[in-house]
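Engineer: Below you will find the structure I want to go over with you.
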Amino acid sequence: MSDTLILNADGNPLSVVPISVVSWMTAIRLAYQHKVRVISSYEDWEVHSPSCTWQVPSIVMCTEYVKWSRQVKYNRSNILLRDMYTCQLCGAKPPASQLTLDHVVPRVHGGKTNWTNIVAACKKCNHDKGHNRKVRPNKIPMKPNYYELMAKRMKFPVTIRDPEWLTFLSWPEDKIEIRPPRKVV
Ligand SMILES: [Zn+2]
């Protein structure tokens with residue numbers, strides 16, 4: 015995970031799913047180019063070049079508002095999130111690593127790999143189902159919008175680098191883990 019939270023010019027994170035972070039090197043470069051301004055720095059972390067010393071930014075904000083597409087990407091982690099890490103066939107909630115992506119209409123029957131034909135399924139259900147096209151998920155899978163995914167994401171724990179980030183991330187307190195960066199100098 016990167017060390018610097020990047021905010022849009024309106025003070026909101028550029029993105030919450032996933033949380034917009036950049037490496038400290040990128041943050042320093044963007045600040046140097048005046049593309050972002052530094053909102054907060056790690057007090058006890060400086061980096062050095064032969065001629066300069068920088069305090070590593072913990073939070074930066076874009077100097078100009080960045081318009082961005084709120085299209086959600088089709089990928090494994092977003093499918094699991096849409097389905098709340100729950101097998102859509104039996105309702106089990108195994109660890110994420112034990113969840114598979116199941117084609118509702120199996121590929122052998124022409125089923126596509128997309129939001130409306132893929133659901134999270136535990137290994138056993140996926141295996142037992144095989145090529146059976148009659149097995150249907152509990153809910154008809156749909157493409158979520160960004161805000162639906164964001165609301166779901168906030169029900170799960172998040173790891174952040176600096177308590178200062180909490181000013182800009184409205185996350186439930188009991189779901190926050192603070193893991194300070196490994197400070198390269
Ligand atoms: Zn299952």
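Each number in our numbering comes from the position in the sequence shown (counting from 1) with 14 added on. Glycine included, each C-beta is placed from N, C-alpha and C at the ideal position.
(1) When every heavy atom of ligand 1 is checked, does at least one fall within less than 7 Å of the C-beta of ALA110?
(2) Beta carbon of LYS138: closer than 7 Å to some heavy atom of ligand 1?
(3) Just list the beta strand (DSSP E) runs in the region 91-137, keeping only unbroken ones of 3 residues or longer that don't cross its boundaries, in chain order.
(4) What three-state label does DSSP hand HIS62 in the structure shown?
(5) Just to confirm, does LEU103 get its C-beta within under 7 Å of one of the non-hydrogen atoms of ligand 1?
(6) Restricting to Cα atoms, I'd like to know which of TRP129, LEU180, TRP68 is closest to VAL199.
(7) Near ASN146, what residues of its chain come up, given a Cβ to Cβ distance below 8 Å and the 5 sequence neighbours on each side ignored?
(8) Could you have a look at GLU78 and say whether DSSP puts it in helix, strand or coil?
(9) Quick check on DSSP: helix, strand or coil for TRP68?
(10) Would you check whether ligand 1 has a heavy atom nearer than 7 Å to the C-beta of ALA106?
(11) Under 6 Å Cβ to Cβ from ASP116, same chain only, skipping five residues before and after it: list those, please.
(12) What distance in whole Å lies between the Cβ atoms of ILE53 and VAL35, which are believed to be in contact at a cut-off of 8 Å?
(13) Quick one: does the C-beta of ALA135 sit closer than 7 Å to a heavy atom of ligand 1?
(14) On a CA-only basis, which of LEU95, LYS197, GLY124 is nearest GLU162? Give me that one, please.
(15) What residue ranges within the region 166-192 form continuous beta strand (DSSP E) runs of no fewer than 3 residues, ordered along the chain?
(16) Compare the C-alpha of VAL30 against each of ARG196, PHE170, PRO195 and name the closest.
Structural biologist: Considering the structure as presented:
(1) Locating residue 110 in the sequence shown gives position 96, where the first residue counts as 1. Not so, every heavy atom of ligand 1 lies at least 7 Å from the Cβ.
(2) As a working note, residue 138 is residue 124 in the sequence shown. Correct: LYS138 has its Cβ closer than 7 Å to ligand 1.
(3) Segments of the beta strand (DSSP E) lying fully in the region 91-137: 113-117, 132-136.
(4) In the sequence shown, the residue the question calls residue 62 occupies position 48. In this structure, HIS62 counts as strand in the three-state DSSP scheme.
(5) Locating residue 103 in the sequence shown gives position 89, counting from the first residue. Yes, ligand 1 has a heavy atom inside 7 Å of this Cβ.
(6) In the sequence shown, residue 199 corresponds to position 185, counting from 1. For VAL199, the nearest C-alpha among the options comes from TRP68.
(7) On the sequence shown, position 132 is the one that residue 146 refers to. Excluding sequence neighbours, ASN146 sits near PRO120.
(8) By one-based count along the sequence shown, residue 78 stands at place 64. Coil.
(9) Numbered from 1 along the sequence shown, position 54 holds the residue referred to as residue 68. Looking at TRP68 - three-state DSSP - the assignment turns out to be strand.
(10) Numbered from 1 along the sequence shown, position 92 holds the residue referred to as residue 106. Because some heavy atom of ligand 1 lies under 7 Å away, the Cβ of ALA106 counts as near it: yes.
(11) Residue mapping note: residue 116 aligns to position 102 of the sequence shown, counting from 1. Hits under 6 Å: VAL133, ALA135, ASN140.
(12) Taking the first residue of the sequence shown as position 1, residue 35 is located at position 21. Taking the first residue of the sequence shown as position 1, residue 53 is located at position 39. In fact, because the Cβ distance is near 14 Å, the residues do not count as touching under 8 Å.
(13) Position 121 of the sequence shown, counting from 1, holds the residue named residue 135. Under cutoff, so the answer is yes.
(14) Here residue 162 corresponds to residue number 148 of the sequence shown, with the count starting at 1. The shortest C-alpha separation from GLU162 is found at LEU95.
(15) 172-174, 190-192
(16) Mapped onto the sequence shown, residue 30 falls at position 16. Nearest of ARG196, PHE170, PRO195 to VAL30, Cα basis: PHE170.
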